[in-house]
Structures are given as structure tokens and as C-alpha cells.
Amino acid sequence: MEEVSMKALVVGGSGASGPLIVRGLIDRDYEVTVLGRGVHPPAVPDSVAQIKADPFEAESLAAALESQSYDLVIAMYGVLRHVAAACVGLTPRFISVGGLAPIYKGWGEMTSINPWETTSSTPLFLEEAHVLAREEGIDRFAGAVRRAESFVMRLHADGDFNATHFRYPLVYGPGNICPAEWGLIRRAREGRRPLILPGGGLTLVARGFSENMAHAILLAVDQPEASAGQIYNICDARSQYNAEWVQAVSKSSGHEFETVPIPFDLLPPGFRATPPQLLYRNHWVPSIQKVKDQLGYRDLVDFEQAIERTVRWYHDHPLGAGAEEERNLGDPFDYAYEDAVISAYHRLAVDFAENISVVPHVEVQWRHPYQKPQDHSED
191 MEEVSMKALV VGGSGASGPL IVRGLIDRDY EVTVLGRGVH PPAVPDSVAQ IKADPFEAES
251 LAAALESQSY DLVIAMYGVL RHVAAACVGL TPRFISVGGL APIYKGWGEM TSINPWETTS
311 STPLFLEEAH VLAREEGIDR FAGAVRRAES FVMRLHADGD FNATHFRYPL VYGPGNICPA
371 EWGLIRRARE GRRPLILPGG GLTLVARGFS ENMAHAILLA VDQPEASAGQ IYNICDARSQ
431 YNAEWVQAVS KSSGHEFETV PIPFDLLPPG FRATPPQLLY RNHWVPSIQK VKDQLGYRDL
491 VDFEQAIERT VRWYHDHPLG AGAEEERNLG DPFDYAYEDA VISAYHRLAV DFAENISVVP
551 HVEVQWRHPY QKPQDHSED
């Protein structure tokens, strides 16, 4: 008797990790279908069936999925409440993907024109159930994301399907629809050396390489019982300061930036004269200990190799000037303005140094607190 393949539906799948998840499912002998609006066709094998529907509209989903059934659904796009509701009675297993940033109060208002300006100081390594994931903020989008998570978990509790939810970070890697790394890669390709690095690049930001994020999802596919009813934070196990991120991208590009560490307090509201990911002034780092402990997650690709692969791909597949992916970044690449800002900062720094040099002050001569006795100074 011929063995019947398991069937999987991926809603979305056009982002950096989506095609990798699809290929992972095919490797696990799933017959895969992708559902999307058709605006960004996913880079998947021809064997993958495609359904054109709008996952933002409940009626469109209902019509597209009528009489369908799947062994697994992975929801990565659309209005999660609509997608989850449409999958009740359609599948016994539901894995969804949402965002990290909207969940934790203080990580920025996602509907703001400049969300990085709306962040506040939060502890490092926030766990999934941290109080900041429950405190009400003022961002309606964040509230909707939280309610969507709760809705999925309620369907799990009611026995409608076995559900697992992942909170994605800022994802980087080949084929990204919003490739934040391109802001640095394009500047390197164009030989642009000056780079405004607000605050000296000392902010930690949660990022995730596409292959690592796909690996996490597939761990849940392989372990439905261990991941049942769970919400997981996910990002690369090794977080990087923005300065380290810049250094790694520039090194892989064979380029060296001359970074200008302008303090955040000197930047005017709406400032965008640098890649936007460098504008976060507060740390943005979750704990991923839970997914490590329960599913055995470890980075499949280490940071240096991930950056090397990403940079190489974008050098081989550069974005066209004004391409949609580039417009999504909100980076004007206005080098004349950047130069003017840098010149103004240098003038201010010189003026500041001259002014404080004439201010009377107490001279301090530093001494090592554990000095040796005088007669042992040569030991």
C-alpha cells in the first residue's frame, strides 16, 4: 500500500525564514501548500502548491480553505486571529509566528512613525511571562498582538488544536522583505566611509538569522508534545551590540566605516540619517532559555558565518535603487545630510572640549588600589 504523505499549509512564507521552513517540511516528507496574497511569491520548489487568498480577511480565508484539511498549519502572515479561527476543524496542529517587539512594554510603539524613539529602559533577557508582557501600554497594535497570542492559546486550551507560538526578533538573512542589513551593505558597496553610530553603538538588539529561526520552528514541528501549548521567545543565542553588528557587516563586506558616535540626546526627533536599527537607544533582548530547555534549540549557524552568508548574498543580489525592499527600510541614504550632521557634531565637540578645558576642577591622580609595598616595587 502506498504511504500517504502528510499535508502542511504555510500561511505566508515569503520572508527570509519562510522558504527555509517550507524546504524543511519537504525534507520531512510533507506535501506543502503555501497561502498568500500573491504580492511576494515565495522562493519555493515548483512542487509546492499555492493558494491565493488574503490572510488579513476572514472571508477570504474561509472561502480559500473550505473543505481543506492539513496535518499541520504554520501561520506566519496575516491577522493571526483570523488565520487561527479559520484553522479550527481544519488541522490538529497549529504553529504561529508573531513579533517580539510588540509584546514587551517599553520595546517601542510599532505604529509610531519612529518606533525606536518610543522605547524605554527594560531588564535584559525578559522571559516569556515577564510582567512587561502583561502590563498595558498605549500602543493599540501591541494590544492586538497580545490578544492574538492569547486567542491561539485559548483555542489550544479548548482542544481545537495543539498550538505553539513563536515570537520573532528582527530577522536577517538572504531574501528578506525588509532587510535592515542592507543599510550597511549598500553604504559599503558605495564606498561610504562615514557612519553615524548613535550612542557609540552600545545598544543590544535581538536579531535572528533566517536559518536559525527556521530551525526553531522545525524543532516544534518535530516535537509536538514537548511544545504543546507553549509560547517561545526566539532570537540568535548570541546578542550583539550595534557596534559589533556594524563591525561584522563591514568586515564581511571588505569595508571599514569611520563611525561617528553622536549621543542620542543630540539627535532631533525623526532623525533617520543612519540605518534605522542603529537608532534604538534602549536594549531589546529576550530570554530564549525556555526554547533551549524544552526543544533543545541551539544556533544552527553562528553569528560570524550568518553575517558572512547574508553579506555575500546581498553582494550577489543587490537591491535596485528605490526597490520595494529598500523603501521598506525607511533609510533615505542622504549622504549630503549625513555629512552636514557629522560636521555640526564635530564643531560642537570641539566647542565643548574648549569650554570645559578652562573650567576650574580638582586634579585626580589615579593609583592602583592594590599597590605593592614600596620595597617590593621591582618584584
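Add 190 to the 1-based position in the sequence shown for my numbering, that's all there is to it.
All C-beta atoms, glycine included, are put in the ideal place defined by N, C-alpha and C.
Quick caveat: nothing in here was measured; it's all calculated off a predicted structure.
If you look at tyrosine 535, you'll find it in the alpha helix (DSSP H) that goes 525 to 547.
Rounded to the nearest angstrom, the gap between the Cα atoms of proline 384 and asparagine 518 is 23 Å. Histidine 505 carries a helical assignment under DSSP once its states are collapsed to helix, strand and coil. Classified as exposed, histidine 558 has fewer than 16 neighbouring CB atoms from the shown chains inside 10 Å of its CB.
The beta carbon of glycine 419 lies closer than 8 Å to those of Met343, His346, Ala347, Asn352, Ala353, Thr354 in the same chain, with the five residues before and after it left out. Residue state for glycine 288 is assigned as strand, using DSSP reduced to three classes.
CA-to-CA, the gap between glutamate 448 and proline 563 works out to about 45 Å.
Between valine 263 and leucine 199, the C-beta spacing is below 8 Å. For valine 229, the secondary structure class from DSSP, reduced to helix, strand or coil, is coil. The three-state reading of DSSP puts glutamate 415 in coil, since its state is none of H, G, I, E or B. Isoleucine 421: member of the beta strand (DSSP E) spanning 420 to 423, first to last residue. Taking a contact as a CB-CB distance under 8 Å, the pair threonine 464 and proline 388 counts as one, their CB atoms being some 7 Å apart. Under the three-state reduction of DSSP output, threonine 308 falls in the helix class. According to the DSSP secondary-structure assignment, glutamate 446 is paired through a beta bridge with no residue. Within a 10 Å sphere around the beta-carbon of leucine 456 sit fewer than 16 other beta-carbons, which makes this residue exposed. Per DSSP, the continuous beta strand (DSSP E) segment holding glycine 398 begins and ends at 397 to 399. Taking C-beta atoms under 8 Å as the contact rule, proline 359 and alanine 332 fail to qualify, at a distance of about 16 Å. For the options Phe399, Leu509, Pro414, Leu409, the alpha carbon positioned closest to that of alanine 427 is the one of Phe399. Counting along the chain, the unbroken alpha helix (DSSP H) around arginine 344 starts and ends at 330 to 347. Contact between glycine 226 and tyrosine 267 holds: their C-beta atoms lie close to 7 Å from each other, under 8 Å. Rounded to whole angstroms, the Cβ separation of glutamate 516 and tryptophan 372 is 6 Å, and the two are in contact under 8 Å.
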